[in-house]
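Peer 1: Each residue of the sequence shown is one higher than the last, beginning at 1 in the UniProt record's numbering.
Have a look at this one before I ask anything.
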Amino acid sequence: MDQEKVIVIDFGGQYNQLVARRVRECNVYCEIYSYRTDIETIKAMQPKGIILTGGPNSCYEADSPTYTRELFELGIPVLGLCYGAQLMMHVLGGKVEKAPVREYGKTEVVVDQASPLFTDVSEKTICWMSHFDYISKTAPDFKIVAHTADCPVAAAENKEKNLYAIQFHPEVLHTQEGTKMLYNFVRSVCGCAGTWRMDHFVENSILEIRKKVGDGKVLLALSGGVDSSVAAGLLSKAIGKQLTCVFVDHGLLRKDEGDEVEQVFGANGQFDLNFIRVNAQERYYKKLAGVEEPERKRKIIGEEFIRVFEEEAKKIGAVDFLAQGTIYPDVVESGLGGESAVIKSHHNVGGLPDYVDFKEIIEPLRDLFKDEVRKAGLELGIPEALVFRQPFPGPGLGIRIIGEVTAEKVKIVQEADAIYREEIAKAGLDRAIGQYFAALTNMRSVGVMGDERTYDYAVALRAVNTVDFMTAEAAEIPFEVLQKVMSRIINEVKGVNRVFYDLTSKPPGTIEFE
Ligand code: XMP
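Listed below in structure tokens is the structure:
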């Protein structure tokens with residue numbers, strides 16, 4: 001794709017993906033590369049602009065990440081953020097030192113001079129600061145354009161060379177006018193036209209997929225999650241029946257979810273493709289009988305998925321491509337993009353099947369962030385209920401049933417979860433809460449219903465707000481909503497006589513129960 005592009009060079013900052021996402025919100029395509037990427041590679045990409053991220057180091061120390069001075073002499077606009085700003089000054093002959101006062105949090109920045117970066121930005125603007133080093137002297141030919149009470153150089157520029165350094169983090173939402181600043185950089189300073197739009201992406205991807213696949217056959221494991229569904233939609237639009245999707249119903253899906261997936265992608269749905277639904281419920285329940293240990297359960301569910309998928313693939317025979325719903329954060333977090341440590345390898349259910357006969361992998365969503373995947377899904381006409389589906393773990397309800405999984409328990413948690421979701425939606429909270437679901441504890445206790453003694457299970461309700469799923473807080477759901485859910489679950493779901501609300505944050509808890 002001949003796409004105008006801005007490059008983020010990552011120095012290990014925690015906000016690297018955020019920088020790229022904000023740039024893309026300005027309709028400019030953006031990719032993240034490690035500072036270890038050599039200058040020739042960067043040049044070959046012909047970026048319209050370069051952004052240097054923050055990072056945890058001190059740029060004046062010997063082993064700290066750095067970059068060759070040539071980067072600033074290419075004639076390509078460069079914006080340094082936090083560590084990136086300090087490094088720019090350091091490399092170009094300014095001075096960076098430990099600051100007498102560490103700045104952290106929301107800070108008032110005073111813009112002293114007109115600057116292309118601050119067009120339409122208020123004279124005094126709240127920005128997010130997080131640094132212990134500071135620029136004590138700017139590099140030659142730089143002009144200071146903003147300061148704070150404790151930081152003499154909050155922003156500096158060399159307008160002739162299009163070099164900009166800012167000490168704070170415009171990518172963080174706490175920087176109230178941060179998006180405007182990034183917009184000013186990519187659209188005005190770099191001169192990007194803003195051609196990155198999801199309708200274009202969809203059109204271009206369809207053409208690219210056709211070119212790449214030719215008259216080949218493609219196989220996709222469809223989970224019903226957002227990523228694989230959007231991948232299926234895109235591939236179907238591009239190559240129709242050359243695509244076969246295998247959807248394994250492992251009996252651990254939410255209530256009616258299997259049928260919903262089939263409605264959209266099956267023979268009576270709107271997409272042209274071969275859809276195979278494998279009803280493997282009984283097979284899974286048999287494998288899981290008597291197994292209580294969470295990791296073992298996960299392993300069985302993952303392995304069984306691969307076995308079922310392989311069996312189907314064998315029936316289909318050799319294919320040219322295996323499609324995967326990998327998205328950009330998977331690429332970055334696998335250490336292939338930015339500088340972040342390998343946080344997790346691709347978490348597509350259980351890894352790659354060993355014995356599927358394919359020549360190549362095709363990953364049509366590899367360049368997209370999650371919110372972009374959703375936009376692409378809407379462009380493709382995939383129903384909102386599917387596009388805005390919550391993250392659902394590969395092992396499904398298997399890790400939301402504590403202890404042994406049985407068909408009876410699956411039914412209980414499906415019903416309870418459906419009621420919970422319905423009431424949350426009725427209260428208008430469904431898009432406000434990060435992730436919420438019901439789980440089945442392994443606890444049974446005594447209750448009374450009518451005149452009868454009961455000895456039944458307890459359901460736990462979970463709802464968390466989270467930015468990145470690495471940390472989370474329990475959501476504050478109005479008490480009357482929780483009460484309504486409790487009373488409906490106890491009245492409508494056989495086998496439950498108690499409902500708990502889980503207040504645990506992450507850490508120390510995890511979002512899922514197992
Ligand atoms: P935890 O429980 O680790 O969950 O706090 C964090 C997020 O990851 C999801 N999750 C998974 N997703 N396969 C997945 O695809 C898994 O095995 C898995 N385990 C947890 C979880 O739903 C939450 O969004």
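A virtual CB, placed ideally from N, CA and C, is assigned to each residue, including glycine.
1) Quick one: give me the first and last residue of the alpha helix (DSSP H) that THR179 is part of.
2) Decide yes or no for the touch test of the segment 183–200 against the segment 19–28: beta carbon pairs closer than 8 Å, at least 3 of them.
3) From the DSSP secondary-structure annotation, give me the bridge partner or partners of HIS147.
4) Quick one: Cα of LEU293 to Cα of GLU514, how far?
5) Would the beta-carbon of TYR33 fall within 9 Å of that of ASP10?
6) Taking ILE51 and LEU71 to be in contact with their CB atoms under 8 Å, please state how far apart those CB atoms are, rounded to whole angstroms.
7) With contact counted as at least three CB pairs below 8 Å, one residue from each stretch, are the segment 121–136 and the segment 151–160 in contact?
8) Measuring alpha carbon to alpha carbon, tell me which residue in TYR67, GLY105, ALA231 is nearest PRO170.
9) Hey, is ALA472 close to ligand 1, as in C-beta under 8 Å from one of its heavy atoms?
10) In angstroms, rounded to a whole number, what distance separates the CA positions of TYR83 and TRP196?
11) Between the alpha carbons of ALA139 and VAL172, how many angstroms are there, rounded?
12) Is the distance from the Cβ of ALA238 to the Cβ of ILE276 below 9 Å?
13) Taking a contact to mean a Cβ-Cβ separation below 9 Å, would you say PHE309 touches ALA221 in this structure?
14) Answer yes or no: do ALA280 and GLY251 have a C-beta to C-beta separation smaller than 9 Å?
15) Under 8 Å from any heavy atom of ligand 1, does the C-beta of GLY394 make it?
16) If you count every other CB in all the chains shown that lies within 10 Å of the CB of PRO56, and 16 or more means buried, which is it?
17) Could you give the residue range of the beta strand (DSSP E) that holds ILE276?
18) May I ask you to verify whether the segment 493–503 touches the segment 372–388, counting CB pairs closer than 8 Å and requiring at least 3?
19) Run through DSSP, which three-state label would ASP249 get?
20) Would you call the CB atoms of CYS59 and VAL111 closer than 9 Å?
21) If we ignore side chains and look at the alpha-carbon of each, how far apart do LYS161 and MET45 end up?
22) Pick out whichever of LEU219, LEU503, VAL448, VAL373 has its Cα sitting closest to the Cα of residue 516.
23) Do you know offhand how far TYR455's Cα is from ILE489's?
24) I need the straight-line Cα distance from residue 571 to VAL459, nearest angstrom please.
25) Report the start-end ranges of each alpha helix (DSSP H) in the segment 37–69 that is 4 residues or longer and not cut off at the edges.
26) Taking only heavy atoms of ligand 1 into account, decide whether any of them is closer than 8 Å to the Cβ of PHE469.
27) With a threshold of 7 Å on Cβ separation, who are the neighbours of THR179 within its own chain once the five nearest residues in sequence on each side are excluded?
28) Which residues in the same chain have their Cβ closer than 7 Å to the Cβ of TYR501, if we skip the five residues on either side of it in sequence?
29) The beta strand (DSSP E) spanning PHE500 covers which residue range?
30) Can you tell me whether ASN204 is buried or exposed, with buried defined as 16 or more other CB within 10 angstroms of its CB?
31) Below 7 Å CB to CB, which residues in the same chain sit around residue 529 once its five sequence neighbours on both sides are set aside?
32) Evaluate PHE392 with the Cβ neighbour count: other Cβ atoms within 10 Å of its Cβ, from every protein chain shown; 16 or more gives buried, anything less gives exposed.
33) Mind checking whether the beta-carbon of PRO391 lies closer than 8 Å to any heavy atom of ligand 1?
34) Taking just the CA atoms, how far does ASP468 sit from LEU368?
35) Kindly identify the DSSP beta-bridge partner or partners of SER445.
36) Please go through the segment 176–228 and give each complete beta strand (DSSP E) segment of 3 or more residues, from N-terminal end onward.
Peer 2: Reading off the structure:
1) Here the alpha helix (DSSP H) through THR179 covers 178–183.
2) Yes, they touch.
3) HIS147 is bridged to VAL110.
4) Checking the sequence, you will find Glu at residue 293 rather than Leu. Taking the straight line joining both Cα atoms gives about 9 Å.
5) Judged by their CB atoms, TYR33 and ASP10 are nearer to each other than the 9 Å cut-off.
6) The beta-carbon separation of ILE51 and LEU71, rounded to 12 Å, does not stay under the 8 Å limit for a contact.
7) Cβ pair count under 8 Å is three or more, so yes.
8) Of the listed residues, the one whose Cα sits closest to PRO170 is GLY105.
9) For ALA472, the Cβ falls inside the 8 Å cut-off from some heavy atom of ligand 1.
10) Linking TYR83 to TRP196 through their CA atoms gives a straight-line distance of about 28 Å.
11) Computed Cα separation, rounded: 26 Å.
12) One thing to note: ALA238 has its Cβ no nearer than 9 Å to the Cβ of ILE276.
13) Yes, the pair counts as a contact, with Cβ atoms nearer than the cut-off.
14) Yes, the Cβ-Cβ distance between ALA280 and GLY251 is below 9 Å.
15) Checking every heavy atom of ligand 1 against the Cβ of GLY394, one is found closer than 8 Å.
16) By the 16-neighbour rule on beta-carbons within 10 angstroms, PRO56 is exposed.
17) First-last of the beta strand (DSSP E) with ILE276: 274–279.
18) Output reads no: the segment 372–388 does not touch the segment 493–503.
19) The answer is strand: DSSP assigns ASP249 an E or B state.
20) When the beta-carbon positions are compared, CYS59 and VAL111 stay at least 9 Å from each other.
21) Between the alpha carbons of LYS161 and MET45 lies a distance of about 20 Å.
22) Examination of residue 516 is not possible in this model, given that the chain is present from 1 through 514 alone.
23) Going by the C-alpha atoms only, they are around 15 Å apart.
24) Because residue 571 is not part of the residues shown, which for the chain are 1 to 514, the question remains open.
25) As far as the segment 37–69 is concerned, its whole alpha helix (DSSP H) runs of at least 4 residues are 39–44.
26) Proximity of the beta carbon of PHE469 to ligand 1 is indicated: a heavy atom of the ligand is located closer than 8 Å.
27) The residues are ARG22, GLU25.
28) Sequence-distant Cβ neighbours of TYR501 in its own chain, meaning closer than 7 Å and more than five residues away, are LEU461, LEU482.
29) Under the DSSP assignment, PHE500 falls in the beta strand (DSSP E) whose first and last residues are 496–501.
30) Its Cβ having fewer than 16 others within 10 Å, ASN204 is exposed.
31) The requested residue 529 is not part of the displayed model; the chain covers only 1 to 514.
32) For PHE392, the number of other beta carbons within 10 angstroms of its own is at least 16, and it is reported as buried.
33) It does: the Cβ of PRO391 is within 8 Å (strictly closer) of some heavy atom of ligand 1.
34) Cα-Cα distance, rounded: 16 Å.
35) In the DSSP assignment, the residues bridged to SER445 are ASP456.
36) Here the runs fully enclosed are 218–222.
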